[in-house]
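A quick write-up on the structure given underneath.
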Amino acid sequence: MDAWDAVVSRRNVREFKRDPIPPDDLDRILEAARRTPSSRNLQPWDFVVVTDRGQLERLAGVWRGAWHVAGAAAAITLIAPKPDDESRNWLYYDLGQASMSIMLAATGLGVGTAHAAVVDQDLASDVLGFPEDRFCAAVISVGYPADRPLRPIAEPKRRPFDEVVHRERW
101 MDAWDAVVSR RNVREFKRDP IPPDDLDRIL EAARRTPSSR NLQPWDFVVV TDRGQLERLA
161 GVWRGAWHVA GAAAAITLIA PKPDDESRNW LYYDLGQASM SIMLAATGLG VGTAHAAVVD
221 QDLASDVLGF PEDRFCAAVI SVGYPADRPL RPIAEPKRRP FDEVVHRERW
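Per my numbering, the very first residue in the sequence shown carries number 101; after that it's consecutive.
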């Protein structure tokens, strides 16, 4: 799938087949994350990949909206330094870019994703073992869609183009 098809095919997938992701494909998704541009090239992230079913089930407890992690083939977590006031804005922007790199690379391989917030940092730390000066910013579930394959969405549920795009001024 080319880049444009990945953009127009990506959707949140929360129900997955039990098929594992081939290691080379999972590494390709992670390489896309690693190559993501960041402010001042600081690359403020680490990625912890979870494929163990028991760990995925535990990780799904980090937030009520993370239930889909339990049924995924894998989860990719974004670990970052705890932000201070100066770093907060660029850190979250950079993590958002890395998240989208993960999701678009996965879509290009026919692999579905969904993101989840992390509310229970203690549980996340217990499951993932990251250092005390870090936090888990997000969890992205990864797997093959259970319902239908990823393909371009003809009529996305989005505000009309002319309503959201302004040229020169608002």
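We put the beta carbon where it would ideally sit given N, CA and C, even for glycine.
What you are looking at is a predicted structure, and each value in this text was computed from that prediction instead of being measured.
Check                                                                                                                                         : Outcome
What number of angstroms, rounded off, separates the C-alpha of Arg269 from the C-alpha of Gln143?                                            : 33 Å
Identify which residue in Thr213, Pro256, Asp262 has its Cα closest to the Cα of Val239.                                                      : Thr213
In angstroms, rounded to a whole number, what distance separates the CA positions of Arg234 and Ala216?                                       : 18 Å
Around the Cβ of Arg271, are there at least 16 other Cβ atoms within 10 angstroms (buried) or fewer (exposed)?                                : Since the displayed the chain opens at 101 and closes at 270, residue 271 lies outside it and no answer follows.
Does the distance from the CB of Trp163 to the CB of Val227 come in under 8 Å?                                                                : no
Compare the C-alpha of Asp222 against each of Cys236, Ala172, Arg134 and name the closest.                                                    : Cys236
Measuring CA to CA, which of Val211, His266, Phe230 is closest to Ala180?                                                                     : Phe230
Could you tell me how far apart the beta carbons of Ile176 and Val211 are, in whole angstroms, since I believe they sit closer than 8 Å?      : Rounded, the Cβ-Cβ distance is 11 Å, inconsistent with contact.
Do Thr151 and Ser201 have their beta-carbon atoms positioned less than 8 Å apart in this structure?                                           : no
Going by DSSP, what residue range makes up the beta strand (DSSP E) through Val113?                                                           : Note, Val113: premise wrong, no beta strand (DSSP E); not H, not E.
Does the count of Cβ pairs from the stretch 246-264 and the stretch 189-196 closer than 8 Å reach three?                                      : no
For His266, count the other beta carbons within 10 Å of its own beta carbon; 16 or more makes it buried, fewer makes it exposed. Which is it? : exposed
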